[in-house]
Amino acid sequence: MLRLQLSNSLKVAKRTYADNAASTIASGLKLHFALPHETLYKGSPVTQVNLPAQSGKLGVLANHVPTVEQLTPGVVEVLEDGKTSKKFFISGGFATMQPDSLLCVTAVEAFPLDSFSPENITQLLNKAKEKVSSQDEKVSAVAKLQINVLEDLQNALK
Amino acid sequence: MLSRLSNPTPIAASSQMILRTVTNQMKWKLSQQQHVMGATRNYATLKEVETRLKSIKNIEKITKTMKIVASTRLSKAEKAKVTAKMIDEADKQFFNNAETTDHLKTPEELGATPTETVNKELIIAISSDKGLCGAIHSSLARRVRNYLLDVKHECDIVAIGDKMKMQLLRSHPDNVKLAFNGIGKDAPTFQESALITEKIMNTLNVDNAYNKISIYFNDPITSLSFEPTIKPLFNSLMIAQSPAIGKFDIAQDENVPRDLFQYTFTNQILTAMAKGYAAEISARRNAMDNASKNAGDMISRYSILYNRTRQAVITNELVDIITGASTLD
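Protein sequence lines, in the order shown, are assigned to chains A and B.
Counting from 3, one number per residue, gives the positions in the first sequence under the working numbering.
Counting from -4, one number per residue, gives the positions in the second sequence under the working numbering.
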């Protein structure tokens, strides 16, 4: 009887250990990618995320050092399971890597890269280049920003 | 006869008195009757009942339409609320892990325990311009007002939405520093909240003048209920002084706390606005639903009254005709 109880308690103990082990194995990189008007990823497990940070391009894997990075306009690449990758062009935002391998990316706008039309970009780029030499400081500053973003986008599409 | 003529006043007075009491009695009886039976017997009231019935029917049409409009907007508002909540959650993760608090340390206390003292607080109260949605604006304004009555320290208020501005200006005209209108026509967007935050940051010294910032908004709990809620907002100093910020590997030269604050400020305002909008729309739907039901009740009551009155009028006319005819015989 005593032995039975003992074995029972052992089983229970074993189960909790197994659960813990399973949870540590399962805690790969999780991505939380949110926009003000849409949620792209909601804590879904991914392999790798490449981010356009202000300090340079950044690849994030599981157990990355916790950090806060400001994102510049550029391409966010999400490798979902090593094979398929999704590319989004974002207009800037923040990425925070949490201690529990959760990567939170928030951006103001993000669109899949293949939804951009190269012709429109060249058109807009030409328009912005005309405005950059404007007398009005504000107009030329805005045009400069536009050129930066559009050129990034053009490079990303190549 | 002579005596009467010689002294006409007392009789006239007494007869008038009798007349008055009789009419009073009649009026009382009539009102009793109206109360019990809900019927009076003349043409004027029939017309009155008819116009009243028509106006109530029009009101019911309006409230029903408003209810339908609110219902169709509800799904959009709910969606905006959910997506805005997700972006808020991402920010919250960071603040939870960094253990950011809204109690700023004074220079002497840096390294020691944070203080509980607040010198100046900024309250951002978020509602909208539109009414006809029950007590949603006034309950939030009451919450702010009660808080202002309780606290000792100085408070500045930013009122977002005309309703909130009106209610707070009435009780605390000196505290309201900034107000926005044109809110709540549609689901809030990032652009809207960015413009609001930019204006707030240009007008008020959010980073240095305040050591506590709170956002007041209506949080929709279910589709039927909402609750005035307070959410803390952390400015760049609070972020930089977070006790567990060391967990994060943050580049020192890039001014991350400042940029992060500006970004989360916009996000927080957006989330609060989205939640407030969802709460308002569902409150309006419920208010309009109740109004339509009440109008329906009144309509059924008045149509019964109208029909009864009409019947009574017809019966009266018939009685008149028959009596007239019978006197001719």
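Here a beta-carbon is modelled for each residue, glycine too, at the ideal position from N, C-alpha and C.
Nothing here was measured: the structure is a model prediction, and the numbers come from that model.
Taking 4 residues as the shortest admissible run, the stretch 80 to 122 of chain A contains no complete alpha helix (DSSP H) segment at all.
Shown here, A:His34 sits in a strand according to DSSP, grouped into three states. Nearest Cα to B:Glu193 within the set B:Thr58, B:Leu144, B:Thr259: B:Thr259. Proximity to A:Asp116 across A:Val67, A:Val77, A:Asn52 peaks at A:Val77, based on C-alpha coordinates.
Look at the stretch 139 to 169 of chain B and you find these whole runs of alpha helix (DSSP H), each 4 residues long or longer: 157 to 166. Looking at the backbone, the Cα of B:Gln236 and that of B:Thr95 are separated by about 8 angstroms. Taking a Cβ-Cβ cut-off of 8 angstroms, the neighbours of A:Pro101 in chain B comprise Asn92, Lys242, given in sequence order.
Comparing C-alpha distances from B:Ala85 to each of A:Lys140, A:Ala97, A:Val48, A:Gln137 shows the shortest one belongs to A:Ala97. Excluding its 5 nearest sequence neighbours in each direction, B:Ala286 has C-beta neighbours in its own chain below 7 angstroms: Thr58, listed in chain order. Across the set B:Gln263, B:Ala239, B:Phe243, B:Glu187, the C-alpha of B:Gln263 shows the shortest separation from the C-alpha of B:Ile210. Spatial neighbours of B:Lys76 in its own chain (CB-CB distance under 6 angstroms, excluding positions within 5 residues in sequence) are listed in chain order as Ala269, Lys270, Ala273. Distance from the CA atom of B:Ile155 to the CA atom of B:Asn302, rounded to whole angstroms, is 50 angstroms. Along the stretch 118 to 146 of chain A, there is no position whose C-beta sits under 8 angstroms from a C-beta of chain B. Taken in chain order, the members of the stretch 53 to 70 of chain A whose beta-carbon sits within less than 8 angstroms of a beta-carbon on chain B are Gln56, Ser57, Val67, Pro68, Thr69, Val70. A direct Cα-Cα distance of roughly 24 angstroms separates B:Ile208 from B:Phe243. At least one CB atom of chain B sits nearer than 7 angstroms to the CB of A:Ala36.
Our two residues, B:Met161 and B:Ser123, have alpha carbons roughly 11 angstroms apart in a direct line.
Taking C-beta atoms as the reference points, A:Thr69 and B:Thr78 fail to come closer than 7 angstroms. Taking every protein chain shown into account, the CB of B:Asp181 has fewer than 16 other CB atoms within 10 angstroms, so this residue is exposed. In this structure, A:Pro38 places its C-beta atom within 7 angstroms of the C-beta atom of B:Leu265. Per DSSP, B:Asp214 is one residue of the beta strand (DSSP E) stretching across 207 to 215. Nearest Cα to A:Lys89 within the set A:Leu31, A:Ile149, A:Phe35: A:Phe35. Think of a sphere of 8 angstroms around the beta carbon of B:Gln88: the chain A residues whose beta carbon falls inside it are His34, Thr98, Gln100, Leu104, Cys106, in chain order. At least 7 angstroms separates the beta-carbon of B:Ala267 from that of B:Cys128. Taking every protein chain shown into account, the CB of A:Leu33 has 16 or more other CB atoms within 10 angstroms, so this residue is buried.
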